[in-house]
Every structure is written in structure tokens, then in C-alpha cells.
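Visitor: Protein chains in written order, with our numbering: chain A, 2 to 178; chain B, 1036 to 1240.
Got a structure for you, written out below as C-alpha cells; questions coming shortly.
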């Protein structure tokens, strides 16, 4: 991938991450303003499809980084992958067969993934938490990507997990009505 | 059905807007991907790679290879047996620990930390155009770096020559280019003073 194409790809994913966070914040605000019933009706079963789309984009995005661009995933990247990749299959199955029970598996996975992303992002801001030097073959604290000065790969993953979690929470509310 | 269609159309339009915005933001003049690399010659036997030189460097006493290369302005730099002891620091532009260490080194130099008769050199290594803070010279010039710095090649010849596994890494060499010890990681002012003392002792010895 050329330098220019990589910059475009990074910026595209960074914008998607920011839109995801804005979307999650908007959904939470809507829920607080309009109440549980209206929030549930807003997306209905589409919440599962949307959550699957987010997981699919995150999965594809990370695979492109490792398999096309050539970034070596660090240990914490693998942990986040371990939560995100199965989500893209579980949520697809749940959306196709309309299985509400999928939320009981997907939501904890998404929240654990979010916790890992937050920890990874904190390590990038405070690299001393990981150690005192960089190992080029497995640098959890070093950033492969930096867009707008603060959007890195764990930030993107965290934004994806956040939106998936909020959508699943909405889906839970919708089904309870 | 209408609601579904509205969501789909909204999604497609939104995605198109994001792609357009990304294109506008990322569409800067292309950088020269070779700007951060040098073409040094490394002559002599390579020092062995050590996982953690802070726990003891088995290569102490071995003669380090002689490096001849250039900085980003084309000035020729030789790190070799010139009769003067020296400290060489190996830095990577994307490494947060190097980014934290460079200002400390600059302050240490400004405070007169480097003893008379001891030289300080640097090498930019593990350069990668697809990583942040590229090219390394932009970062170092921004920091006010004034240390003779040789740029490693894309083939990591300097890395292999000095057996560097992590960044930042330091090596202390005597006037005959013999390795007096290597250290890895952020060592700060106290570590720099310790390395300077080792280098200085080789003059007295």
C-alpha cells in the first residue's frame, strides 16, 4: 500500500471511529431525552445489523492493517481481535436468525474488548506503564497510526466496541418492551 | 420499507461524506518515502544481539564495527576508532521512549553533562515511512537536536552492526572503538552521567 493510500485509509478509519463515538453519544442522549420505549423503537432489530456492521468493519480494518499494510499486531491487539472477530460472526448469526439471546454473549465480549482498548490506549499515552524501551517486534506502547494527533488503532477499536455495546444495550431495551 | 430505505440511503450518503472528508484531509503532498533513510557502510564484525544489555553485555571488550554514513543534510559522519571515546545513542522516530529521552539528552548536553574529550553520536534506526513521526529528521530538528546523527538504511545495517534489539539503546566505545558496554531504554540524566563516566574512565585508563 502506498504512503498516500495508507494515509487515506488511516484518516477514513479515524473519521469512522469519531462518527461511531458521536453516534453512540447521540443514541445515549436520545435514550435519556425520549425514554426507553422510543429508544427501543428507533432502531428495532436494526440495532443488531448495525452492531454487526461495526464489528465487520473493525475486523476487516484490522486484517488490512496486518495482512496488507504489514503491521505486526502486539499482544493487546490480539486480545482485542479475540473479542472483535467472533463478534462479527455472532452478531451476524443473531441478526439473521433474530436471536435476542445473542446479546448475552455479545455484550460482555464487547465490554471486555472496550476495557482492553482503553487499557491499550492509556499505555500509548503513558508508555512508562509498559516499560522503558521499545521492542520493534511487539511494541504495545508504540503507535502504528496517529491521525489528528490522538486517534490510534486501539482508539479506533475502542470506538467500535463502544458503539457495539450501546447498540446491544438498546437492543436489550427494545426486546424488554 | 420506507424507513429501511431511509436508513440505507442515509448510511450510503454518510459513508460517501466520510470518504470525501478523509480524501480531503489525507490528500497532502506525497512525502518522499526514502527521506529518512541513509546508505551507511558498516565495516567490521557485528556485535551480538542481546535481549537485555542492562543485565550484562557479553560483548564488552569486542571491537564495534566502523560506521560511515551521512546525516539528512548530507554531512559525512564516521563512528570509528579515532582515538576519542564516545557514546552512541540509537533512536527510532516512532518510539515513545525515544521521544521522551531526546529532550533529556538535549538538556543534559546544555547543562554540560558530556565530559571534555568524550563525543556523543546518534543513529536513527528502525525507520519506517508508514509509522508516525516520519521522517526522523523532522522530529529531531523540531526538538533542537544538534548531535552528529547518522541515518541507518532500510536494510538495518547499523542495527545489525551494533546488535540493537530495542530503542533507545546506548553504546559506549573507547578510542579504539572497543565496546565498553551497552544500555537499553530511557536512562535519563543519571544513566547518561554513568555512561559518560565509563567513557571518561577510558581516557584516564
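The beta-carbon is built from N, C-alpha and C at its ideal position, and this holds for glycine as well.
(1) Using a Cβ-Cβ cut-off of 8 Å, state whether residue 118 (chain A) counts as contacting chain B.
(2) So, with DSSP's three-state summary, where would you put residue 1236 (chain B)?
(3) Do residue 1158 (chain B) and residue 1185 (chain B) come within 8 Å of each other at the CB atom, strictly closer than that value?
(4) Tell whether a beta-carbon distance below 8 Å holds between residue 1079 (chain B) and residue 1099 (chain B).
(5) In chain B, which residues lie less than 9 Å from residue 78 (chain A) when you measure between Cβ atoms?
(6) Tell me the rounded alpha-carbon separation between residue 1054 (chain B) and residue 13 (chain A).
(7) Grouping DSSP H, G and I as helix and E and B as strand, with all else coil, what is residue 1160 (chain B)?
(8) With three or more beta-carbon pairs closer than 8 Å as the criterion, would you say the region 1175 to 1184 of chain B touches the region 1196 to 1209 of chain B?
(9) Check for me: the alpha helix (DSSP H) holding residue 104 (chain A) runs from which residue to which?
(10) What is the rounded straight-line gap between the Cα of residue 178 (chain A) and the Cα of residue 88 (chain A)?
(11) Quick one: grab the DSSP three-state call for residue 135 (chain A).
(12) Less than 8 Å between the beta carbons of residue 1150 (chain B) and residue 1237 (chain B), yes or no?
(13) Roughly how far, in whole angstroms, is the beta-carbon of residue 1160 (chain B) from the beta-carbon of residue 1126 (chain B), given that I think they are within contact range, below 8 Å?
(14) Whole-angstrom Cβ separation of residue 1171 (chain B) and residue 1071 (chain B), contact assumed at under 8 Å?
(15) Could you tell me which chain A residues have their CB closer than 7 Å to the CB of residue 1161 (chain B), listed as they occur along the chain?
(16) Taking the straight line between their C-alpha atoms, what separation do you get for residue 63 (chain A) and residue 18 (chain A)?
(17) Where in the region 1101 to 1147 of chain B do unbroken runs of the alpha helix (DSSP H), each at least 4 residues long, occur, reported from the N-terminal end onward?
(18) Check for me: the alpha helix (DSSP H) holding residue 1186 (chain B) runs from which residue to which?
(19) Output yes or no for whether 8 Å exceeds the beta carbon distance between residue 1221 (chain B) and residue 1136 (chain B).
(20) Is there contact here, the region 162 to 169 of chain A with the region 107 to 118 of chain A, by at least three beta-carbon pairs under 8 Å?
(21) Report the residue from A:94, A:7, A:153 and A:72 whose alpha carbon sits nearest the alpha carbon of residue 53 (chain A).
(22) What are the start and end residues of the alpha helix (DSSP H) that includes residue 60 (chain A)?
(23) For residue 85 (chain A) versus residue 60 (chain A), is the C-beta spacing smaller than 8 Å?
(24) For residue 1096 (chain B) versus residue 1212 (chain B), is the C-beta distance shorter than 8 Å?
(25) Taking Cβ positions, are residue 1165 (chain B) and residue 1073 (chain B) nearer each other than 8 Å?
(26) Hey, how far is the Cα of residue 1234 (chain B) from the Cα of residue 1122 (chain B)?
(27) Considering only DSSP beta bridges, list what residue 95 (chain A) is partnered with.
Guide: Well, looking at it:
(1) no
(2) helix
(3) yes
(4) Taking 8 Å as the Cβ cut-off, residue 1079 (chain B) and residue 1099 (chain B) qualify as a contacting pair.
(5) Within chain B, no residue comes near residue 78 (chain A); the closest Cβ sits about 15 Å away, beyond 9 Å.
(6) Going by the C-alpha atoms only, they are around 6 Å apart.
(7) coil
(8) Counting Cβ pairs under 8 Å, fewer than three are found: no touch.
(9) 103 to 126
(10) Because residue 178 (chain A) carries a pLDDT of 46, less than 50, the predicted location of this residue cannot be relied on, and no value is offered for it.
(11) In the structure shown, the three-state DSSP call for residue 135 (chain A) is strand.
(12) no
(13) 7 Å
(14) Indeed, because the Cβ distance is near 5 Å, the residues count as touching under 8 Å.
(15) 137
(16) 13 Å
(17) 1131 to 1145
(18) Careful: residue 1186 (chain B) lies outside any alpha helix (DSSP H), inside the beta strand (DSSP E) at 1184 to 1186.
(19) yes
(20) yes
(21) A:94
(22) 47 to 64
(23) yes
(24) no
(25) no
(26) 7 Å
(27) Bridge partners of residue 95 (chain A): none, in fact.
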